[in-house]
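Have a look at the structure below, then the notes.
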Amino acid sequence: MSARPVVKSSTMTAEMQDAAIEVALEAIRSNNTEMEIAASIRKQFEQMFPSVWHCFVGRNFGSHVTHEATKHIYFYIGQTGVCLFATA
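Heads up, the sequence shown is in the working numbering, so the first residue is -17 and it goes up one at a time.
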């Protein structure tokens, strides 16, 4: 996928943001459905940054979530939106 990631909103550190984008790019390359992509991102992030992670992936959604202070990102890769966040 050659689309450049566009971060719309984030409270993550630069390191976590880069990790989220890399994990998402890999998940998009290796999975077919939005549900599989979200599950892959969540699983990878739970291993990398232990916490209770949640992930939404889609082309047309809105959300309002309560999350830990530095554990939220909302970004697009092409037409695909990704919302990744952790709760306590």
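Cβ atoms here follow ideal geometry from the backbone N, Cα and C, with glycine treated the same way.
- Around the Cβ of Phe67, a 10 Å sphere holds 16 or more other Cβ atoms; the residue is buried.
- DSSP, read as helix, strand or coil, puts Ala51 in coil.
- Classified as exposed, Phe43 has fewer than 16 neighbouring CB atoms from the shown chains inside 10 Å of its CB.
- Ala2 sits away from Ile59, with the two beta carbons spaced by 7 Å or more.
- According to the DSSP assignment, Phe27 belongs to the alpha helix (DSSP H) that extends over 16 to 30.
- Contact between Glu16 and Val39 is confirmed by a C-beta separation of about 4 Å, below the 8 Å threshold.
- In the structure shown, Ala(-15) falls within a coil segment according to DSSP collapsed to helix, strand and coil.
- Under DSSP, Val64 shares a beta bridge with Val39, Phe57.
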